[in-house]
Amino acid sequence: GVIRLAEPVYHHGFMAKVKKVLETVCHNCGKIKALDNEERRQAYATKNPKARFEKIWRLSKPRLICEPSPPSGDDDGLKEKSKLPDHGGCGNIQPSIRKRGLMLEAHWKKGKGEDDEEAQTETTRIFARRALQILSLLTDDTLDQLGLNKDYARPEWFILQSMPVPPPAVRPSISVDGTGQGMRSEDDLTFKLTDIVRANQSVHRCEVDGTPEHIKNQLVELLEYHVNTYMDNEIAGLEKATQKSGRAVKGIRARLKGKEGRLRQNLMGKRVDFSARTVI
Numbered sequence: 005g006v007i008r009l010a011e012p013v014y015h016h017g018f019m020a021k022v023k024k025v026l027e028t029v030c031h032n033c034g035k036i037k038a039l040d041n042e043e044r045r046q047a048y049a050t051k052n053p054k055a056r057f058e059k060i061w062r063l064s065k066p067r068l069i070c071e072p073s074p075p076s077g078d079d080d081g082l083k084e085k086s087k088l089p090d091h092g093g094c095g096n097i098q099p100s101i102r103k104r105g106l107m108l109e110a111h112w113k114k115g116k117g118e119d120d121e122e123a124q125t126e127t128t129r130i131f132a133r134r135a136l137q138i139l140s141l142l143t144d145d146t147l148d149q150l151g152l153n154k155d156y157a158r159p160e161w162f163i164l165q166s167m168p169v170p171p172p173a174v175r176p177s178i179s180v181d182g183t184g185q186g187m188r189s190e191d192d193l194t195f196k197l198t199d200i201v202r203a204n205q206s207v208h209r210c211e212v213d214g215t216p217e218h219i220k221n222q223l224v225e226l227l228e229y230h231v232n233t234y235m236d237n238e239i240a241g242l243e244k245a246t247q248k249s250g251r252a253v254k255g256i257r258a259r260l261k262g263k264e265g266r267l268r269q270n271l272m273g274k275r276v277d278f279s280a281r282t283v284i
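The opening residue of the sequence shown carries number 5 in my numbering; numbering runs sequentially from there.
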């Protein structure tokens, strides 16, 4: 089955990439912020898509404005204007972005006020729904220039809008007394899926009832927390999800990784006769 999320949420595994894309493109028009100069043309000439993305990101990150086209007219400063590259942007100021846990924060630099000696900085949070809007602005040509595959790796797909639900065979319930007759205890994955469904229903109820934005945002944060701890309950800087007993929940990643995980414990080589051991 599938759970349709009432609000888009970040996927912890893609947050670093989402942050880099948001630092590379304009948040208003979706154009690449780097100026159309020789450095950018050299970056485009890089054949390796991953290396091309890194180069364009490094050129775009310091730019805090989406440069508009130079003004046209028969002025005396035509020579100076001709030196300016025609970026064709929208002229909007761009934020610097910082990652904190499962949050992305935008820091906007304001101009100097009359009484202020230094420029003020305004901080706003970039929720997943806003990031999805920005990433959806990117055209196929922009994705090609960034080294992203428009058929298999569109950046808007880095944001979760639905979640697949594994069948009961993957998360069987366990008999508490061992007889199979009495009480049964649910698997950790079922426990987390229940939390996700409850949080999702709360967010949906907020949208229907017209609850104030700050309360809705708190519930979206809770939904985001449950979705990400379901996949990985060992995220740095994030409190671990626990059962009622206080035991940490075992997420999907913990089931797969390490010596006791599914791959090395259950799927790889077995001990058999007439076979020696060796170090590879």
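Just so you know, even glycine gets a beta-carbon here, dropped at the ideal spot from N, CA and C. Predicted model, so just to flag it, every value in this text is computed and none were measured.
Query	Result
Locate the alpha helix (DSSP H) running through W61, then write down its first and last residues.	53-64
Using a Cβ distance threshold of 8 Å, determine whether the region 165-182 contacts the region 45-65, with at least three qualifying pairs required.	no
Determine the DSSP secondary structure at A258, reduced to helix, strand or coil.	helix
Quick one: Cα of I239 to Cα of G105, how far?	8 Å
Just the Cα atoms here: how many angstroms apart are A49 and S100?	27 Å
If you reduce the DSSP assignment to three classes, tell me which class R8 lands in.	strand
Just verifying my parser: in three-state terms, what is the DSSP assignment at G93?	strand
Under a Cβ-count criterion, where at least 16 other Cβ atoms within 10 Å of its own Cβ denotes burial, should E126 be classed as buried or exposed?	exposed
Note the first and the last residue of the continuous beta strand (DSSP E) segment covering H111.	107-113
Looking at P12: is its Cβ nearer than 8 Å to the Cβ of L164?	yes
Mapping the DSSP letters down to three states, classify I239 as helix, strand or coil.	coil
Could you give the residue range of the alpha helix (DSSP H) that holds T246?	Careful: T246 lies outside any alpha helix (DSSP H) and carries neither H nor E.
For E118, count the other beta carbons within 10 Å of its own beta carbon; 16 or more makes it buried, fewer makes it exposed. Which is it?	Note on E118: pLDDT 46, under 50, position unreliable in the model; no value is reported.
Measuring straight from C-alpha to C-alpha, what distance separates G265 and L193?	15 Å
Would you mind sorting Y156 into buried or exposed? The rule is 16 or more other CB atoms within 10 Å of its CB.	exposed
Of all the options R44, V6, L68, which has the alpha carbon lying nearest to the alpha carbon of E27?	L68
Going by DSSP, which residues form a beta bridge with A252?	T246
Taking the DSSP output, what are the residues bridged to S189?	I178
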